[in-house]
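Below: one structure, written as structure tokens.
This is the structure:
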């Protein structure tokens with residue numbers, strides 16, 4: 132028995148070595164350098180000063196709030212839209228295969244390309260979106276220049292790009308549901324809404340959990356779309372953790388940017404792991 136156990140552990144050794152070298156060691160090094168003021172030649176220990184600076188500076192602290200807003204809203208919107216799109220695309224419509232391709236297509240486009248394209252579409256005077264709004268009798272909106280709505284404009288763009296993957300996950304989950312459940316419900320006289328509520332929703336929970344976790348973590352880590360569309364502006368209206376870390380590093384505040392990375396890592400871990408545990412506990416056995 133012991134020999135079998137040792138034998139099986141050897142299969143884990145390569146993965147553990149890679150995990151240690153590329154994750155554990157860099158994590159420990161980052162924790163240390165977040166407590167220093169450093170450059171590529173030397174470092175000076177400063178304790179928790181970098182963290183105090185991060186939480187006391189309004190622009191840096193706002194990036195944490197924006198990151199949470201971004202993660203929650205993108206997650207919720209993708210979840211709701213993808214679920215109902217998947218319900219529609221698993222129905223008996225003839226063109227569902229074509230429509231599935233259309234829904235998934237935005238995910239094939241580079242995030243930076245999407246950001247640049249939507250920046251042009253949302254231009255306050257020349258953008259196609261405002262031209263349509265004005266043609267319908269409305270007033271032009273500064274989608275990315277107004278501090279009150281800039282973050283939400285980027286969020287909607289993110290949802291447009293990412294809802295396709297979430298829809299595919301839901302479709303896979305719904306197609307794995309045994310059809311006899313629906314047949315039995317129909318015989319009992321259940322309506323379409325009752326079948327959706329009592330069968331599709333509970334039995335799609337594994338897919339739903341995957342969408343929630345992936346979308347939420349992706350929202351917490353977002354950078355490329357924000358950077359391509361607004362660069363964190365106007366002002367600090369769309370500043371998120373990743374863009375803040377990048378700017379601090381580019382400005383030469385290496386210790387402060389490392390502290391920001393550590394805060395982002397802790398934030399993701401503290402929120403994602405309990406969320407995943409909670410979601411798994413709700414799955415139907």
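Residue numbers (this note's numbering): 132 to 416. Just so it is clear, CB atoms sit at the ideal spot from N, CA and C, and this is done for glycine as well.
Close beta carbons around residue 194, own chain, < 6 Å, minus the five adjacent residues each side: Within the same chain, Cβ atoms closer than 6 Å to the Cβ of residue 194 are found at 370, 371, 372 and 375, the five residues on either side in sequence being excluded.
DSSP puts residue 167 in a beta bridge; with which residues? 176.
Can you give, in chain order, each stretch of the alpha helix (DSSP H) that sits fully within the region 235-303 and has at least 4 residues? Segments of the alpha helix (DSSP H) lying fully in the region 235-303: 242-252 and 259-266.
Is the region 391-406 in contact with the region 152-163, if contact means three or more CB pairs nearer than 8 Å? Under the 8 Å Cβ criterion, the region 391-406 counts as touching the region 152-163, having at least three qualifying pairs.
Cutoff 6 Å; reference residue 417; Cβ partners in own chain excluding five residues on either side: Outside the modelled stretch of the chain, which goes from 132 to 416, sits residue 417, for which no answer is possible.
8 Å Cβ shell around residue 179 - same chain, five flanking residues per side excluded: Within the same chain, residue 179 has close Cβ partners 166.
Nonlocal neighbours in the same chain, by C-beta distance under 7 Å from residue 407, ignoring five residues either side: Result list for residue 407: 344, in chain order.
Suppose contacts are defined by Cβ-Cβ distances below 7 Å. Is residue 278 in contact with residue 365 by that definition? Result yes, Cβ atoms of residue 278 and residue 365 sit closer than 7 Å.
Element boundaries [alpha helix (DSSP H), containing residue 72]: The displayed coordinates of the chain run from 132 to 416. Any statement about residue 72 would go beyond what the structure contains.
Backbone CA spacing between residue 296 and residue 238 [nearest angstrom]: In this model, residue 296 and residue 238 are separated by some 7 Å (Cα to Cα).
Short of 7 Å in beta carbon distance, which residues of its chain neighbour residue 312, apart from the five on each side in sequence? Order them along the chain. Scanning its chain for C-beta atoms nearer than 7 Å, with the 5 sequence neighbours on each side dropped, one finds around residue 312 the residues 330, in chain order.
Taking 6 Å as the limit between beta carbons, can you name the residues of its chain near residue 298, skipping five residues before and five after? By the criterion of a C-beta distance shorter than 6 Å, residue 298 is surrounded in its chain by 213, 216, 217 and 234, once the five residues flanking it on both sides are discounted.
Start and end of the alpha helix (DSSP H) containing residue 189? 189-220 is the extent of the alpha helix (DSSP H) around residue 189.
Inter-residue Cα distance where the pair is residue 267 and residue 210: Spanning the two alpha carbons is a distance of roughly 30 Å.
Alpha helix (DSSP H) segment containing residue 401, residue limits: Per DSSP, residue 401 belongs to the alpha helix (DSSP H) from 385-412.
Quick one, are the C-beta atoms of residue 499 and residue 350 less than 7 Å apart? Outside the displayed span of the chain (132 to 416) sits residue 499, for which this structure offers no information.
Excluding five sequence neighbours on each side, which residues of the same chain lie with their C-beta closer than 7 Å to the C-beta of residue 243? If we look at residue 243 and ignore the five residues flanking it on each side, its Cβ neighbours are 355 and 359.
Simplified DSSP state of residue 365, which is helix, strand or coil: It is coil, neither helix nor strand.
Compute the beta-carbon to beta-carbon distance between residue 245 and residue 288, rounded to the nearest angstrom, for a pair I have assumed lies under 8 Å. Confirmed, about 7 Å.
Starting from the Cα of residue 255, find the closest Cα among 274, 284, 326 and 348 and give me that residue. Out of 274, 284, 326 and 348, 274 has the C-alpha closest to the C-alpha of residue 255.
Exposed or buried, residue 306, counting other C-beta atoms within 10 Å across all chains shown (16 or more means buried)? That one is exposed.
Within 10 Å of its beta-carbon, does residue 325 have 16 or more other beta-carbons around it, so buried, or fewer, so exposed? With fewer than 16 other Cβ atoms within 10 Å, it is exposed.
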